[in-house]
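Protein chains in written order, with this note's numbering: chain C, 21 to 156; chain Z, 21 to 156; chain U, 21 to 156; chain X, 21 to 156.
Backbone N, C-alpha and C define an ideal beta-carbon position, used for all residues, glycine too.
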């Protein structure tokens, strides 16, 4: 189930002293896609009783990235749990989708802002992640 | 085999809009420890024929980090391959080492800057990673 | 003399713990516009004998910036010296150009990479900054 | 009236593709000093009726900064207004205070979070900035 496909133009500051996009920026690009997916949901993905927390991120760096370039970050739902989502991510070149810069996956858990304990996924998240219709 | 143990004071800019240290910064802190370890080696860890490239990073976010704080980042060698190192990383609080913020591991491969193909680990890296004495 | 007008989509990570775009990012956006302007020049703006160095930046923060938004950064040449350029910069909202987020100016000096001393502006820079035709 | 003198160790990620500390980081270092100064105040510098906003920053880049280094950032009060402070900042090398990396000044205005209009400086800020004793 594809969640979102976003385009992110690089900035020169994404480079580090080795003249490649710095590894930490990859998490920023994946975060940007995740936040845009959340914002696209038709309902409350974050509330006083349930907020998403990144529990783990696994990133494979397949190819170094030079500047300038426009990236595409694709998020796909790999697994829907009771309290968490596993999201696969791929970063490709917006001009040539055969260029794979990175793949990997992240685990996002919804927790209570009060107790910090895991809570059930918000309905809007579960529905979007499984492709179920949103009941109206 | 412990490689290095570095202290990193947070900066306020490490926070994001959720008022916690942003996930991308974790890779920056691990990178800082890695670079300091490289710089501590008594020999050439980067040359015209072999340079390190981050191939993969796996980060578990165990606990959110507020500001201010001083972190300790500990790198340990998990595996020495022919052309790569696997490095475990742990981030704890410098004031209370029972507070584990993050653990995980990274894979670093040495490649030829010319061909991009993997090459043998530099001797100085292999010796430091295995704890072998450096021959003199 | 307008030099360039670039669009920069915000990223969520541009925010800081006050939920506004962090002040340091403003220099990153201005830099991005400057680098894109340099890249647009039909000739060598950086060489073994002359490279640009930022000597000063003055930024007025007129209005806080929320996420999401797309910015436009406009650079205009304010003054062309023998060895330096003064560039005015304005950041507005791409959706509503009456929203002025920031204005200010920067001074860029060309120096010798060897001696660090100021050198004459490269011809391509002087011509682009003054609007003179490039001789062919 | 000196406000604070903080030490900031560089991180490798502060460098950009030119292998010098990126210009945007200078504002981050100055911000770090400002935040630490605020945190050192014995009272409320930020409340539901008055919060500080950066209105302008002027930075002179005197010398490029390589990695590694430890910086010292010194803030001095240049002027105390009814609703604003002007703060001079200097960045020097922690190992050799004759090395001046940057100087400049910033203007900080206190505004109402509700109306966005300027409000009187909080007493604790005025007293700290002028060196007046805090009445008890």
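Burial is judged here by how many other beta carbons sit within 10 angstroms of a residue's own beta carbon; residue 126 of chain X has at least 16 and is buried. Judged by DSSP in its simplified three-state form, residue 124 of chain U adopts strand.
Non-local C-beta neighbours of residue 68 of chain X in its own chain, meaning closer than 7 Å and more than five positions away in sequence, comprise 133, ordered along the chain. By the CB criterion at 9 Å, residue 59 of chain X and residue 28 of chain X fall outside the cutoff. Residue 77 of chain U is positioned such that its CB atom lies no closer than 9 Å to that of residue 49 of chain X. Not a single C-beta of chain X is nearer than 9 Å to the C-beta of residue 119 of chain Z. The DSSP-derived three-state label of residue 106 of chain Z is strand. Residue contact with chain Z for residue 72 of chain X: absent (no Cβ-Cβ distance below 9 Å to any residue of chain Z). Contact of residue 29 of chain Z with chain X is assigned, a C-beta pair being separated by under 9 Å. For residue 89 of chain Z, the three-state secondary structure derived from DSSP is coil.
Contacts with chain Z (Cβ-Cβ distance below 7 Å) from the segment 37-55 of chain X involve 48, 51, 52, 55, listed in chain order. Residue 109 of chain Z and residue 41 of chain C have their C-alpha atoms some 22 Å from each other. Residue-level contact by beta carbon fails for residue 63 of chain X and chain U, as no gap is shorter than 9 Å. It is roughly 16 Å from the alpha-carbon of residue 96 of chain C to the alpha-carbon of residue 47 of chain C. Approximately 6 Å separates the beta-carbon atoms of residue 33 of chain Z and residue 36 of chain U; this is inside 8 Å, confirming the contact.
Boundaries cannot be given for residue 42 of chain Z, as no beta strand (DSSP E) includes it and DSSP labels it neither H nor E.
Chain order gives the chain Z residues near residue 76 of chain C as 78, 79, 80, 81, 124, where near means a beta carbon separation below 9 Å. A distance of 9 Å or more separates the beta carbons of residue 94 of chain Z and residue 149 of chain Z. The Cβ atoms of residue 24 of chain X and residue 56 of chain X sit closer than 9 Å to each other.
The C-beta of residue 84 of chain U comes closer than 9 Å to at least one C-beta of chain X. A straight line joining the alpha-carbon of residue 79 of chain Z with that of residue 116 of chain C spans about 29 Å. If you draw a 10 Å sphere on the C-beta of residue 21 of chain C, you find fewer than 16 other C-beta atoms in it, and that means exposed.
The beta-bridge partner set that DSSP reports for residue 29 of chain C consists of C:90.
With its beta carbon less than 9 Å from one in chain Z, residue 59 of chain X belongs to the interface.
Secondary structure of residue 53 of chain Z (DSSP, three-state): helix. Straight-line measurement puts the Cα of residue 136 of chain X at about 15 Å from the Cα of residue 39 of chain U. By the C-beta density criterion, residue 90 of chain X is exposed, having fewer than 16 other C-beta atoms within 10 angstroms. Around the beta carbon of residue 141 of chain C, a 10 Å sphere encloses 16 or more other beta carbons of the protein chains shown; the residue is thus reported as buried. Under the DSSP assignment, residue 73 of chain Z falls in the beta strand (DSSP E) whose first and last residues are 71-81. For residue 140 of chain C, no alpha helix (DSSP H) encloses it, and the DSSP letter there is neither H nor E.
Residue pairing by DSSP places residue 119 of chain X opposite no residue, since no beta bridge is assigned to it. Taking the Cβ atoms as the reference, residue 72 of chain X lies roughly 30 Å from residue 119 of chain X, outside the contact range of under 8 Å. Counting only Cβ-Cβ distances below 8 Å, residue 33 of chain Z has contacts in chain X at 48, 51, 52, in chain order. About 16 Å separates the beta carbons of residue 63 of chain Z and residue 139 of chain Z, which is beyond the 8 Å limit, so they are not a contact pair. A direct Cα-to-Cα measurement between residue 86 of chain X and residue 147 of chain Z gives close to 29 Å.
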